[in-house]
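One structure is given here, and the rest of the page talks about it.
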């Protein structure tokens, strides 16, 4: 089957369905009822270069869907059926010497036959975008390649790539924003399953996002909500358990963590040893530090850090005496991407820290962009 490109004439496309057609979906899934045609991919060049992309379908014939730019492969893992969720990726490339080369691809855990391919050249500062539908309850890989091994930014280039998801109201939300990787490729796990959340998890998420909405608006910048991550919660739980040994000596951060972290604890008898609501913990992280200078407000900046898009929080408890009248509760939140990144670059001449500027930036590259369970679309 031939899929027509909505792009320019310099873009060529080809598509074919999987070898074993799904009997429930005539035509192998690519153009079957209710499935969208394979649309586009985005790239921006600030040099002369070439970007290509390709998509793959699962061997059982389910259609492959994704929104990416550059050379990328998108596949739907087995069992990845559903109504689908829209996603997008964007890339920009710039080389100080005028030689731009970059590509990105997304692959499923199991790759099937080629579904679509497009190759084209980009003029300086030219952009392109593509949109594809991703199956629900599926895992994808987004692979970004760079021939020079220095990423798409920041040494010689000012490029980037983005993955978006389309919300129910039609607006786009950034899922990841990348560009820096000191190698020839980087791989991001993309997860279209909904995270499992209990009422307490929802409370942690809501208390974070209500503050982000208020503070991002206060600084006249677009509100960036956090999404819940089960893997960040699991990692936070491990450290919350560890911190129980420090109830009477004070909190400390996990020195081996690769994600951002906020930690707190309360202990003692009576009300001091009761389980705290997440809103009370967030008040300690944010409102308590409103008038503090950096680095004494580092809990606040991590909660509000706009480049951070994922959070997971967990708690632990132990009884501190035989009568059960004294208790210790620990609370830990982990964040991806890590906040409080490269703060020394914003040190002012008078020695004061401009912590607002980095906190409000759309992207930073300290640590992994996605949690271990993937960036969610």
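In UniProt numbering, the protein residues as written are 1 to 377. Cβ atoms here follow ideal geometry from the backbone N, Cα and C, with glycine treated the same way. Only a predicted model underlies this, so the values are computations on that prediction, with no experimental measurement involved.
Ignore the nearest five residues each way along the sequence and tell me which others in residue i's own chain have a CB closer than 6 angstroms to its CB.
| i | result |
| --- | --- |
| residue 297 | 289 |
| residue 181 | 151 |
| residue 363 | 177, 307 |
| residue 204 | 278, 313 |
| residue 261 | 253, 334 |
Can you give the Cα-Cα distance for residue i and residue j, rounded to whole angstroms?
| i | j | result |
| --- | --- | --- |
| residue 164 | residue 201 | 24 angstroms |
| residue 228 | residue 314 | 12 angstroms |
| residue 225 | residue 176 | 13 angstroms |
| residue 268 | residue 279 | 20 angstroms |
| residue 159 | residue 352 | 30 angstroms |
| residue 250 | residue 241 | 14 angstroms |
| residue 285 | residue 141 | 34 angstroms |
| residue 317 | residue 132 | 45 angstroms |
| residue 299 | residue 257 | 16 angstroms |
| residue 329 | residue 274 | 8 angstroms |
| residue 149 | residue 340 | 26 angstroms |
| residue 343 | residue 294 | 9 angstroms |
Measuring from the CB of residue i, is there a heavy atom of the ligand FAD at a distance below 7 angstroms?
| i | result |
| --- | --- |
| residue 154 | With respect to small molecules bound, the structure shown includes none, and the ligand FAD cannot be examined in it. |
Buried or exposed for residue i, please, with buried defined as at least 16 other CB atoms from any protein chain shown within 10 angstroms of its CB.
| i | result |
| --- | --- |
| residue 195 | buried |
| residue 377 | buried |
| residue 222 | exposed |
| residue 371 | buried |
| residue 248 | exposed |
| residue 259 | buried |
| residue 38 | A caution first: residue 38 carries a pLDDT of 28, below 50, which makes its placement in the model too unreliable to give a value. |
Which stretch, first to last residue, makes up the beta strand (DSSP E) that contains residue i?
| i | result |
| --- | --- |
| residue 267 | 260-269 |
| residue 311 | 310-319 |
| residue 143 | 139-145 |
Please list the terminal residues of the continuous alpha helix (DSSP H) segment that includes residue i.
| i | result |
| --- | --- |
| residue 236 | 230-243 |
| residue 299 | 298-304 |
| residue 357 | 356-360 |
| residue 284 | 278-285 |
Given residue i, which residues of its chain have a CB within under 7 angstroms of its CB, disregarding the five upstream and five downstream residues?
| i | result |
| --- | --- |
| residue 357 | 346 |
| residue 361 | 306, 307 |
Can you find the residues in the same chain that come closer than 8 angstroms, C-beta to C-beta, to residue i, ignoring five residues on each side of it along the sequence?
| i | result |
| --- | --- |
| residue 211 | 282, 286, 303, 304 |
| residue 265 | 243, 246, 247, 251, 328, 329, 330, 331 |
_Within the segment 152-211, ranges of the beta strand (DSSP E) (whole runs, at least 3 residues)_ = 161-166, 172-178, 185-191
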